Amino acid sequence: DTAVSQTPKYLVTQMGNDKSIKCEQNLGHDTMYWYKQDSKKFLKIMFSYNNKELIINETVPNRFSPKSPDKAHLNLHINSLELGDSAVYFCASSRGTISNYGYTFGSGTRLTVV
Amino acid sequence: QKEVEQNSGPLSVPEGAIASLNCTYSDRVSQSFFWYRQYSGKSPELIMSIYSNGDKEDGRFTAQLNKASQYVSLLIRDSQPSDSATYLCAVIYSGTYKYIFGTGTRLKVLA
């Protein structure tokens, strides 16, 4: 059983397109996150939801919009894709809000904008 | 700006040796510290967490925390080629809900 699953695993798209990445966790965790990992492997938080409520909204372009229909799902929609959006996007989840227990990451979505 | 710093490496150690990975952080009032391992093309996976000063051991891994000096380290005993990966340090700063990750140290264990 996959704990945190993301789809798609790879996404190649043209500039200007709109795309979505989906994430689901079956761990019963309360909090879910989106992270972006750039080519230098730096992991930067984008958003976090706790029980469907947005609790972290970092400085990301408003072309990025998260949606959490329930506490097991957190999707990421990206409008008007740009070349600089190319990266690996990781979904993660944790027990509780302060995440003292650590994160469980999904397998990542490699987004390539051409 | 709160920061977590790691030497990017690569750190090369022979098989069977002890690998020592270090991480420093900027906020004195930090509460929780984590080490993640990330194989190339894979997602990060949690290895250890540490919250109090001192050492914490789990199998071949030992995490060491020194809050006065603001560093946390990870020792890997009897290093194996399968330990070759990037090791990410993460810190939860007080009053926030989020990790700050370091940029990671690439470890190469030579057979």
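Taken in sequence, the protein lines are chains A and B.
For the first sequence, this note's numbering assigns the number 1 to the initial residue and increments by one for each residue that follows.
For the second sequence, this note's numbering assigns the number 115 to the initial residue and increments by one for each residue that follows.
Glycine included, C-beta positions come from ideal geometry on N, C-alpha and C.
In this text, all values refer to a predicted model and were calculated from it rather than measured experimentally.
Exercise for review: In angstroms with no decimal places, state the Cα-to-Cα distance between B:I206 and A:G16.
Suggested key: 36 Å
Review point. Is there at least one Cβ from chain B nearer than 9 Å to A:Y10's Cβ?
Key: no
**Study point:** Own chain partners of B:F104 with C-beta closer than 6 Å, once the 5 adjacent residues on each side are dropped
**Key:** Residue 104 of chain B lies beyond the residue range present for chain B, which begins at 115 and ends at 225; the question has no answer from this structure.
Practice item. Ignore the nearest five residues each way along the sequence and tell me which others in B:T176's own chain have a CB closer than 6 Å to its CB. Key: D169 and L189
Practice item. Rounded to whole angstroms, what's the CA-CA distance from B:Y153 to A:Q14? Just pull it up for me. Key: 29 Å
Point to revise | Pairwise C-alpha distance: A:Y103 and A:S93 | key: 6 Å
Exercise for review: Taking B:L202 as the query, report the chain A residues whose CB atoms sit under 9 Å from its CB, ordered along the chain.
Suggested key: K41 and L43
Review point. Of all the options B:E171, B:S208, B:I132 and B:G218, which has the alpha carbon lying nearest to the alpha carbon of B:V118?
Key: B:G218
Exercise for review: Select from A:K52, A:K40 and A:P61 the residue whose C-alpha is nearest the C-alpha of A:E82.
Suggested key: A:P61
Point to revise | Chain-ordered chain D contacts of A:S68 [CB-CB under 9 Å] | key: Checking the listed chains, one finds no chain D in this structure; the protein chains it contains are A and B.
Point to revise | 9 Å Cβ cutoff met for B:G130 and B:S193 | key: In this structure, B:S193 lies closer than 9 Å to B:G130 by Cβ.
Review point. Which runs of the alpha helix (DSSP H), 4 residues or longer, sit entirely within the region 137–204 of chain B?
Key: Qualifying alpha helix (DSSP H) stretches: none in this window.
Check your understanding: What whole-angstrom Cβ distance do A:P66 and A:Y49 have, given they're in contact under 8 Å?
Key -> Between A:Y49 and A:P66 the Cβ distance is about 7 Å, and since that is below 8 Å, they are a contact.
Review point. Quick one: Cα of B:S196 to Cα of B:L224, how far?
Key: Between B:S196 and B:L224, the C-alpha separation is close to 10 Å.
Exercise for review: Figure out for me which residue from A:L43, A:A3 and A:H29 has the closest Cα to the Cα of A:K52.
Suggested key: A:H29
**Study point:** Simplified DSSP assignment, three categories, for A:D85
**Key:** helix
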